[in-house]
Amino acid sequence: MDIVAKENTFKRSKIHPKKFALGVACASIVMMFVALSSAYMVREAQGNWVEFAIPTKFFFSTAALLTSSLCLHFSYFFFKKEQTVLYRSLLTTAFFLGIAFVAFQYQGWNQIMLEAGLPLGANPSADFVYAITFLHAAHVLGGLIVLIMAMIHAFYLKHRVTERRKLRFEMTILYWHFVDFLWLYLLLFLIFHKM
Amino acid sequence: MATIAKEHLTKEESLIEELGFDDHFHDHHHGDKYQSNFITTYIFSQDHKMIAKQFLITGMFWALIGASMSIIFRLQLGFPEESMAWLKPLLGKWITINEAGIGTLAPEFYYALVTMHGTIIVFFVLTAGLSGTFSNLLIPLQVGARDMASPMLNMFSYWFFFLAGLIMFFSLFLSTGPFSGGWTAYPPLSALPQASEGSGAGMTMWVISLVFFVVSVLLGGINYITTVLNLRTKGMNMWRLPLTIWAFFVTAILGLLSFPVLVSGLLLVMFDKGLGTSFFLSEIFIGGAPLDHVGGSPVLYQHLFWFLGHPEVYIIILPAMGLVSEVLSVHSRKPIFGYKAMVFSILAIGFLSFIVWAHHMFMSGVNPWISNFFVLFTLIIAVPSAVKVFNWITTLYGGNVRFTSACLFSIGFVSMFISGGLTGIFLGNSAIDIQMHDTYFVVAHFHIVMGIAAFFGMFAGIYHWFPKMYGRFMNETLGKMHFWGTMIGAYAIFWPMHYLGMAGVPRRYYLFSNFDTFSHFTEMNKFITVAAIIVFMFQILFVVNFFYSIFKGRKVTTKNPWGATTLEWTTPINAGHGNWPGKIPTVQRWAYDYGKDGREFISQVEPLAEGEEDGH
Ligand code: HEM
Ligand SMILES: [Cu+2]
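Going down the list, the protein sequences come from chains S and E.
Its first residue numbered 1, the first sequence is counted upward by one per residue in this note's numbering.
Its first residue numbered 1, the second sequence is counted upward by one per residue in this note's numbering.
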């Protein structure tokens with residue numbers, strides 16, 4: 001009897017397979033940016049490379065994205081505590097801060113274009129920044145879609161803390177933190193290379 | 001379903017009844033959302049076995065297209081003087097007919113054909129068609145899982161592949177033709193719309209198609225990795241996995257780490273092509289006028305491409321190696337020789353495949369000093385490869401070999417892999433590569449070691465697991481004809497190419513009649529073309545056999561027709577959704593107990609006897 005009960009609860013690992021799968025996907029996305037940053041370094045070493053300061057708007061966007069991540073984290077906290085109002089409002093804030101991030105990135109591109117005088121095609125130093133941040137922004141947009149789904153759940157479903165919804169939420173958070181850290185990496189990479 | 005009359009239980013079935021793991025899969029009836037109607041069963045299926053068949057049949061479709069293309073360009077190479085007017089109805093404006101009624105193939109289209117042939121065979125057939133088919137079919141079945149970790153993503157994986165194919169297919173009909181800059185898509189040919197007709201819309205569609213393809217590979221790969229790591233049944237530790245699973249697992253990791261790099265490269269190409277950047281384009285003059293691009297580095301693209309490209313060739317060959325290991329062991333009724341060495345070789349090859357990419361670039365102007373390191377690593381890859389070859393041969397040696405079609409193709413695989421691997425060692429020396437690079441020697445090398453070998457692995461897999469897929473056997477006589485025709489024919493095609501290459505005949509040339517030095521190869525080129533046509537016919541034979549057998553093949557009457565040890569043969573002949581009707585089998589021993597203790601084989605579900613040691 002005992003053995004059967006044990007076997008029934010048999011699980012290979014503590015982490016849910018779907019979460020694990022998302023982690024694997026993130027690793028794969030990282031490779032894309034590793035490739036781009038290596039290409040950046042190789043190209044930089046070949047000269048004809050116009051230096052310019054990192055657009056200040058990129059720091060605003062960083063703040064927006066970090067705060068957004070934080071909001072999402074607390075939203076989940078209040079989701080589990082069944083505090084519906086806080087859960088919903090923090091989720092919504094996280095979403096709009098995500099939009100703000102994209103908007104700031106856009107302004108950052110404008111800064112490179114106008115203030116640094118390096119429109120697309122002028123010099124690879126700026127082109128790399130455009131390409132890398134564009135690809136990153138595309139991943140943030142993907143995250144925003146996920147957040148929209150989370151909001152639909154938050155506003156249209158009855159607030160109930162089920163395993164399924166917890167898993168879904170945790171995966172949303174995992175991805176959102178991921179694009180967040182990815183951006184931090186990219187920003188640090190740029191800062192480091194422009195020092 | 002779960003009520004099988006007790007007296008009819010085979011030994012394995014009663015063991016599963018007794019020791020199996022009850023996950024209550026069939027208790028709560030979810031109305032079987034997976035297989036409730038035609039559409040969810042055959043089209044948007046989430047069942048890994050059906051998705052495997054979808055990958056296989058789509059792969060076969062593409063294989064036929066890719067092979068037909070090669071026949072057309074082989075006709076051009078073998079018989080450049082002959083009229084191609086008869087192809088006009090198929091190729092339309094790409095055949096021009098002069099007053100005398102002689103039809104010639106447009107050179108641009110020759111390049112488009114070569115490019116499409118490479119792209120299609122490498123990505124659609126030998127990646128999706130091979131890995132997609134067998135990873136899907138075998139991972140859940142052999143690790144003892146009900147399905148993939150995410151059946152839905154798995155379905156998307158197929159449909160992204162389908163979409164990629166659809167886009168590539170449409171690009172064939174563009175008025176400017178499909179992309180024609182080679183399967184490697186080097187800039188400037190790929191990044192300059194002015195470079196050739198196919199570099200415009202054709203190239204754009206090529207990139208879009210490949211990006212969808214990468215999404216498909218990633219969705220598949222994520223599932224394969226997660227399933228292998230998280231959904232193995234009780235008792236199935238990593239050292240009890242069949243080598244097929246090890247191979248698929250490492251393949252998926254390679255794909256996840258390398259394909260995104262290709263996407264990065266393609267993204268930058270598209271920036272150069274459409275947005276005026278100069279990542280890869282340097283000062284270029286067209287028609288005497290300079291272009292706007294300054295200071296780009298085409299070699300940078302090659303680095304990005306081959307960082308994918310080399311692992312990609314192992315993404316193609318590793319699954320074939322896994323299939324061959326399994327088939328050889330089953331059909332020679334012997335345990336695979338050196339199981340652990342096989343696993344470590346797979347891991348070593350997987351690791352090394354990431355640090356040899358520049359051997360494709362010895363002649364691209366990379367620093368010769370740096371080349372030395374790549375020579376070294378490249379030659380080191382030969383070591384785990386040789387270990388595997390040795391183990392396959394030793395597995396066969398002294399075995400009670402059943403020369404079925406599956407087994408023959410596995411042996412053929414080993415032969416091809418040796419022949420092509422040896423020429424790889426030539427090419428891996430940067431000094432010899434000065435002479436060999438971009439000649440037919442390279443074409444011979446990679447067609448034998450990758451093209452033919454991987455196809456052989458795939459055929460071995462199809463003949464062997466066809467009974468599991470369709471509940472019927474393929475016709476063995478046709479299978480053996482298929483084998484001998486392909487085996488002899490493939491060597492007839494590619495062996496002579498080594499001579500062409502050593503004499504310096506460059507690859508990717510449309511016509512050699514202006515080169516006196518190569519004029520004595522005319523007959524050899526004819527021979528190669530004729531051989532290619534014959535081999536193509538043998539593949540038609542295979543396709544006929546395949547579809548005929550689905551409907552009319554000899555029926556499988558027992559669950560385990562080959563007498564194999566692995567779990568897939570403990571499922572019902574036509575396994576439904578969830579694979580096992582009752583409990584999931586638990587695993588008690590490794591996968592290669594053949595000819596042990598006087599018994600022909602011992603299934604993985606059978607507990608170790610008192611004092612018996614497990615495996616290896
Ligand atoms: C002993 C192992 C091998 C060595 C040392 C080796 C070495 C090389 C080298 C140096 C080249 C570049 C030749 C040139 O362009 O001048 C090459 C080309 C190639 N190899 Fe191998 N190779 C090996 C095994 C394989 C295997 C197992 C595969 C595939 C399964 C493979 C697939 C290819 C392909 C596809 C190309 C040509 C790509 C192209 O230019 O279109 N090789 N090999
Ligand atoms: Cu290579």
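Note that beta-carbon positions come from the ideal geometry of N, C-alpha and C, so glycine has one too.
| Query | Result |
| --- | --- |
| Tell me whether the beta-carbon of E/A382 lies closer than 8 Å to the beta-carbon of E/I425. | yes |
| Would you give the residue range spanned by the alpha helix (DSSP H) that E/G412 belongs to? | S405 to L427 |
| Please report the Cβ distance between E/G198 and E/G220, rounded to the nearest whole angstrom; I am assuming they are in contact, meaning their Cβ atoms lie under 8 Å. | Contact doesn't hold; Cβ gap of about 29 Å is too wide. |
| Nearer than 7 Å: is that true of the beta carbon of E/V383 relative to any heavy atom of ligand 3? | Because ligand 3 does not appear in the structure shown, any question about it cannot be addressed here, the ligands present being ligand 1 and ligand 2. |
| If we define contact as Cβ-Cβ less than 8 Å, is E/L15 a contact residue for chain S? | no |
| Using the Cβ count rule (16 or more neighbours within 10 Å means buried), how would you classify S/Y156? | exposed |
| Out of E/G451, E/K49, E/A106 and E/T557, state which residue places its alpha-carbon closest to the alpha-carbon of E/K88. | E/A106 |
| Shortest alpha-carbon distance to E/Y510 belongs to which of E/L64, E/T58 and E/P80? | E/P80 |
| How about E/P384 and E/Y592: do their beta carbons lie closer than 8 Å? | no |
| Which value, in whole angstroms, describes the spacing of the CA atoms of S/P124 and E/F160? | 33 Å |
| Going by alpha carbons, who is nearest to E/G182 out of E/M497, E/E108, E/L304 and E/F354? | E/E108 |
| Find the nearest neighbour of S/M31 within the set E/S264, E/S216 and E/I349, judged by alpha-carbon distance. | E/S264 |
| For the alpha helix (DSSP H) containing E/G66, list its first residue and its last residue. | H48 to G78 |
| Under 8 Å between C-beta atoms, does S/I145 make it to chain E? | no |
| Taking just the CA atoms, how far does S/F79 sit from E/T622? | The structure shown does not extend to residue 622 of chain E, since chain E is modelled only from 1 through 616, so no value can be given for it. |
| Along the chain, which unbroken stretches of the beta strand (DSSP E) at least 3 residues long are found entirely within the segment 331 to 385 of chain E? | none |
| Residue range of the alpha helix (DSSP H) that S/L66 falls in? | K57 to K80 |
| Please classify E/F417 as buried or exposed, where buried requires at least 16 other C-beta atoms within 10 Å of its C-beta. | buried |
| Bridge partners of E/G103, per DSSP? | E/I97 |
| Step through the CB atoms of chain S and report whether any lies within less than 8 Å of the CB of E/P187. | no |
| What residues from the segment 271 to 293 of chain E come within 8 Å of chain S, judged by C-beta to C-beta, listed N to C? | F271, L275, G276, T277, S278, F279 and D292 |
| Using a threshold of 7 Å, is the CB atom of E/H626 nearer than that to any non-hydrogen atom of ligand 2? | Here chain E covers residues 1 to 616 and nothing more, so residue 626 of chain E does not appear. |
| Kindly indicate the opening and closing residues of the beta strand (DSSP E) around E/G265. | That residue, E/G265, is in no beta strand (DSSP E); its alpha helix (DSSP H) goes L243 to L275. |
| Against S/K18, what residues of chain E qualify as contacts under a CB-to-CB distance less than 7 Å, listed in chain order? | A149 and S150 |
| With burial defined as no fewer than 16 other Cβ atoms inside 10 Å of the residue's Cβ, what is the status of E/Y110: buried or exposed? | buried |
| Output the distance between the C-alpha atoms of E/I317 and E/P290, rounded to the nearest integer angstrom. | 44 Å |
| Using CA atoms only, rank isn't needed, just tell me which of E/G365, E/L328 and E/Y224 is closest to E/G398. | E/L328 |
| Looking only at its chain, what residues have a beta carbon closer than 8 Å to the beta carbon of S/V4, apart from the 5 residues adjacent to it on each side? | With a pLDDT of only 30 at S/V4, under 50, the local geometry of the prediction cannot be trusted, and the value read off the model is given with reservation. If we look at S/V4 and ignore the five residues flanking it on each side, it has no Cβ neighbours. |
| So E/R332 packs on E/L243, CB below 8 Å; how close in whole Å? | This sequence places Ser at residue 332 of chain E; Arg is not what is there. Not really, about 14 Å apart at Cβ, beyond 8 Å. |
| For the segment 35 to 47 of chain S, which residues have a CB atom closer than 7 Å to at least one CB atom of chain E, in sequence order? | A35, L36, A39, V42, R43 and Q46 |
| Here's a check: name, in chain order, each residue in its chain whose Cβ is nearer than 7 Å to the Cβ of E/V125, leaving out the five neighbours to either side. | G59, W62, A63 and G66 |
| Check E/I286 in the structure and name its three-state DSSP category. | strand |
| Residues in the same chain with beta-carbon distance under 6 Å from S/H177, minus the five sequence neighbours each way, listed in chain order, please. | S69 |
| Have a look at E/V250 and E/F285 and give me their C-alpha separation to the nearest angstrom. | 45 Å |
| State the Cα-Cα distance for the pair E/T558 and E/L163, rounded to the nearest angstrom. | 38 Å |
| Can you grab the Cα-Cα spacing for the pair S/V179 / S/F96, in whole Å? | 15 Å |
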